[in-house]
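Report on one structure; see the data block that follows.
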Amino acid sequence: KMLGRISKNLVIKGMKPNRLTTLPFRGIKLHEYQAAQLLSKYDVPVPHGEVAFSPADARTVAQSIQERTNGGSVVKAQILGGGRGRGFFKENQFRGGVHIAKTPEEAETLSKEMIGYSLVTKQSGEEGLRCNSVYLVELLDIMKEMYLAFALDRETSSPVLVYSPAGGMAIEDVAEKTPELIFKAYINESSGFTDDQIEEIVKNLGLEDHHDSAAKTVQNLYKC
């Protein structure tokens, strides 16, 4: 329930490169790769990646990533909705919208199972959402997952940061089973975060050992 209220208040963003789609009651939607491009402009660290609109393009991108990092890539279905990792494609029953590809050939094979099909997730409804592209990013070791999202709170008419040290792919489960690990920070639109708020956010996320970089990232996320 809590996450449902959050998602209804989110201002989210667009559909294709260089084209923004305005919704009458929610603002703008962005695919993940578009959001990553925007975040990087505000000095928020994001993995190196590129979008592909065909399996052949996916192979080319994966090859580029391999040459750059000497490693694999993560192939991520691009739909305007969450819960992709636990979803399935309606037409071919292929499970999961996020997969690891160790080789460019594997990236191409995975993309063939995603592009052109409808991905069904907890947020999409029974019909699912059509996947027209995949976003390939460099494969990184995951040391810790956490969740941060900005929303517009209707009761206070102000921005709010919703965050959790236990977030990530299973944030819905966190909200349901351990809601005490979901935190909120209400933001003054004129002045932004206070110093005390930043200190509390860093502490609640367990990032005291990385205080300066964590504080900078949170502030840059809000500016973005």
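Numbering of the sequence shown is given in the working numbering, commencing with residue -3 and proceeding in unit increments.
Heads up, the beta-carbon is just placed ideally off N, CA and C, and yes, glycines get one too.
Keep in mind the model is a prediction, meaning the values are calculated, not measured.
Note on Asp205: under 16 other CB atoms within 10 angstroms of its CB, so exposed under the neighbour-count rule. For the pair Val40 and Ala211, the Cα-to-Cα distance works out to about 11 angstroms. By the neighbour-count definition (other C-beta atoms within 10 Å, threshold 16), Thr174 is an exposed residue.
Here Val42 is not near Val130, since their CB atoms are 8 angstroms or more apart.
A distance below 7 angstroms between beta-carbons, with the five flanking residues on each side excluded, links Ala162 to the following residues of its chain, in chain order: Val170, Thr174, Leu177.
Per DSSP, His27 lies in no beta strand (DSSP E) segment and is marked neither H nor E.
The beta carbon of Ala97 is closer than 7 angstroms to those of Ala58, Gly68, Ser69, Val71, Ala103, Leu106 in its chain, skipping five residues each way along the sequence. With a 10 Å radius around the Cβ and a threshold of 16 neighbouring Cβ atoms, Thr190 comes out exposed. As computed with DSSP, Asn184 is found in a beta bridge with Gly188. Between the region 59 to 66 and the region 110 to 127, the count of C-beta pairs closer than 8 angstroms stays below three; the two stretches do not touch. Judged by DSSP secondary structure, Pro51 falls within the alpha helix (DSSP H) whose first and last residues are 51 to 65. For Asp149, the three-state secondary structure derived from DSSP is strand.
From the listed residues Gly83, Ser186, Pro100, the smallest Cα separation to Val116 is found for Gly83. According to the DSSP assignment, Glu109 belongs to the alpha helix (DSSP H) that extends over 100 to 110.
For Leu135, the CB contacts under 7 angstroms within the same chain, skipping 5 residues up- and downstream, are Gly67, Gly68, Ser69, Val70, Ile96 in chain order.
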